[in-house]
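Residue numbers (my numbering), protein chains in the order written: chain S, 3 to 192; chain D, 3 to 192; chain Z, 3 to 192; chain V, 3 to 192.
Every residue gets a Cβ at the ideal spot worked out from N, C-alpha and C, and that includes glycine.
I have placed the structure first, in the form of structure tokens, so that the comments after it can refer back to it.
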DNA sequence: TATGAATGAGATTTCATTCAT
DNA sequence: TATGAATGAAATCTCATTCAT
């Protein structure tokens, strides 16, 4: 087995075990067994359990950011944006499944300060890009004037809802639920 | 010191330490010191660290449920409901502050299966009550026909937003943001 | 078993095991077993293996310093001094046996910088006191003019010789050898 | 790079690293890097870390023995012997510097029993040769009757003093100190 | 012959829980 | 009832050695 394959095995195993057991309950032994390598091998690639966790989270976070960014780039109206967001989210949930839940439902500040800062910066960037897009739509009268910060938060909530009902509630009508949320966000409850 | 006072001290200390350090990093020693009692004394009231954690979470969860329930009970229109939700949430955030964040941003299933089930039931009850209320408003044509599950999720998002921007982002325009979200939920982005 | 007894057991066991195995080869498990306590108990008294080692060495070093100091205090001539040094050294070798060898024949700088500094200061103090005494004897024409530093070194060599031939060579004519060395130091080889 | 050069690089690197870090703290990795060879290459020349250490020590020990032996061979009086000892020791200290301190100030028995035996034999041979020389001087009335064992120990102490004050105390008046010690050994303190 | 990625036994240290006082 | 000293299972990480290339 060549070098990149080992690292991929380790990262993939780390993903599974950290996700199922949480950071503290995860044992390096389990990750090693899951990856089919010796315990010491992991330490050829990272210096500590914490660093391995950070590597894993960074990979997964980028999946979520990518969905948002790709949806923004190609969209010229809010409807088109939501449409792409919907499809890309469903695709990502299908592909990366549960991996994402860690990113959304865990307070990572207690695991690594460095990671928390990185996450905050990342989140800030996503917020900025969403806000820019929303401001653009407001200038074009595509949507009415609202606080971009709040609108951005609600757009991210479409992702949150998808993850929550798929990963934690195990429901299978995710698309329907997301369409329902988008509908309310566009037209309101009244 | 009489018995009830000791238990209150322990619970209060547990609150502080679990919140600051997370479940795994919290040491029984620290809780004992914070409560001003001997380590062994804690085991007069609970059988394990896990049980102490469960006791603490249950207390805090009820704050959140209470806000929702009180807002439901007194409201005869969606606007009145949101209005009460806003005020009660702000009051709770002020009073119980960060305690709530644990309930929202920690995956409790890894700490205790029993707790997770309890949380799921609780959440289900909240959802049911919100759905019933929303169905009532739909029957009265106070709001248009939407999926109650999704609407309930979005209503809870008003709480989520408040907690996130207060506890994690330390912003001080929480009321404004919540009003903005409620406005979007009522009238939509268009 | 009361608290001071446990600590004495631990210190005594540490003495034995560190002496027989050396710092690195010594396992905390062995010390615990030797002391008849649990491994964790050791960490109630010291924070680390290194600190335990430092505590042990400091105790033993003081035995050696004490021999020198007591011999100095009571002596008014070089012969009287050597006489007392001889007897006190033999007594100490009898009582504390091999414990002392560590102090003389190990480069402690690699185990703990803090300890090395402490040892250097200690050594400096011993040297100072010996030099003062020797200067006094020189002023009184009890001995001829020599470099106090060298004479102090040679006096300490009486201790070194005793430890070497007893601990490492296991000879039993230690007193005779020490008397021989003192004789040469006083009268010279010629 | 040809074979003998590799072995010389390894031995030289082992010297540096063992000396600076001590046996246990020395890593085979560091020696390999220092020698500019792969880690596995070292195992072409020795079977284990211990064997590499033994090889290194044996080389260094011979420097010390050589000084004694060369001083013995050419000397026909105790003064001539000490004179040569002085010059050869200073030369050796200059050339091999700190390497020797390991031989004097480390308890090698804990690293390798085989090595300790070898050292003891070596030491015994040195002692024998010194004793023979001293006996010869006593027969010729060049020096008075003393225990040869003790006199031999004190002669070796001239080397010890040189190493101690140069390597550990970093003093630069080594020659003066050694002359002072030789003077006391010859004429005594009285 | 030369390499260095891979290995896993074994080290130190932590901390929830117990129990003698 | 209240205590905290004592415990030991279990965690992370190291590094001498091997072996496929």
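Rounded straight-line distance, which links the Cα of residue j to that of residue i
i, j, result
"residue 137 of chain S", "residue 191 of chain D", "12 Å"
"residue 162 of chain D", "residue 156 of chain S", "11 Å"
"residue 133 of chain S", "residue 150 of chain S", "5 Å"
"residue 81 of chain S", "residue 140 of chain S", "13 Å"
"residue 18 of chain V", "residue 26 of chain Z", "20 Å"
"residue 9 of chain Z", "residue 20 of chain V", "35 Å"
"residue 130 of chain S", "residue 103 of chain D", "24 Å"
"residue 31 of chain D", "residue 121 of chain Z", "36 Å"
"residue 165 of chain S", "residue 173 of chain D", "26 Å"
"residue 187 of chain S", "residue 123 of chain D", "28 Å"
"residue 176 of chain D", "residue 168 of chain D", "7 Å"
"residue 24 of chain S", "residue 108 of chain S", "9 Å"
"residue 148 of chain Z", "residue 135 of chain Z", "13 Å"
"residue 41 of chain Z", "residue 7 of chain V", "49 Å"
"residue 37 of chain D", "residue 145 of chain S", "54 Å"
"residue 100 of chain D", "residue 16 of chain D", "14 Å"
"residue 183 of chain V", "residue 39 of chain V", "45 Å"
"residue 142 of chain Z", "residue 154 of chain Z", "17 Å"
"residue 28 of chain Z", "residue 50 of chain Z", "13 Å"
"residue 189 of chain V", "residue 97 of chain V", "31 Å"
"residue 43 of chain V", "residue 14 of chain V", "15 Å"
"residue 126 of chain S", "residue 76 of chain S", "21 Å"
"residue 22 of chain D", "residue 117 of chain D", "20 Å"
"residue 78 of chain D", "residue 92 of chain S", "37 Å"
"residue 185 of chain D", "residue 34 of chain S", "51 Å"
"residue 158 of chain V", "residue 171 of chain Z", "16 Å"
Per-residue DSSP class, three states only, for residue i
i, result
"residue 182 of chain D", "helix"
"residue 25 of chain V", "coil"
"residue 152 of chain S", "helix"
"residue 123 of chain V", "helix"
"residue 15 of chain D", "helix"
"residue 114 of chain S", "coil"
"residue 172 of chain D", "coil"
"residue 50 of chain D", "coil"
"residue 77 of chain V", "coil"
"residue 130 of chain D", "helix"
"residue 42 of chain S", "helix"
"residue 9 of chain Z", "helix"
"residue 137 of chain S", "helix"
"residue 177 of chain S", "helix"
"residue 162 of chain S", "helix"
"residue 189 of chain Z", "helix"
"residue 31 of chain V", "helix"
"residue 157 of chain V", "helix"
"residue 3 of chain D", "Low confidence applies to residue 3 of chain D: its pLDDT is 46, below 50, so where it sits in the model is not reliable enough to give any reading."
Nearest-angstrom beta carbon gap, residue j and residue i [assumed within contact, 8 Å]
i, j, result
"residue 278 of chain D", "residue 90 of chain D", "Nothing in the structure corresponds to residue 278 of chain D, since chain D is present only between 3 and 192."
"residue 12 of chain S", "residue 45 of chain S", "Wrong, their Cβ atoms sit about 10 Å apart, outside the cutoff."
"residue 152 of chain S", "residue 179 of chain D", "6 Å"
"residue 94 of chain S", "residue 69 of chain S", "5 Å"
"residue 83 of chain S", "residue 74 of chain S", "7 Å"
"residue 105 of chain Z", "residue 66 of chain Z", "6 Å"
Contact test: residue i Cβ vs the ligand NAD heavy atom, cutoff 8 Å
i, result
"residue 123 of chain V", "Among the components modelled here there is no ligand, and therefore nothing to report on the ligand NAD."
Measuring CB atoms only, is the stretch 50-60 of chain S touching the stretch 110-121 of chain S, in the sense that at least three cross pairs come out at less than 8 Å? When C-beta atoms of the stretch 50-60 of chain S are compared with those of the stretch 110-121 of chain S, three or more pairs fall below 8 Å, so the two segments count as touching.
Suppose only complete runs of 4+ residues qualify. What are the alpha helix (DSSP H) ranges in the stretch 55-105 of chain D, listed by chain order? 80-98
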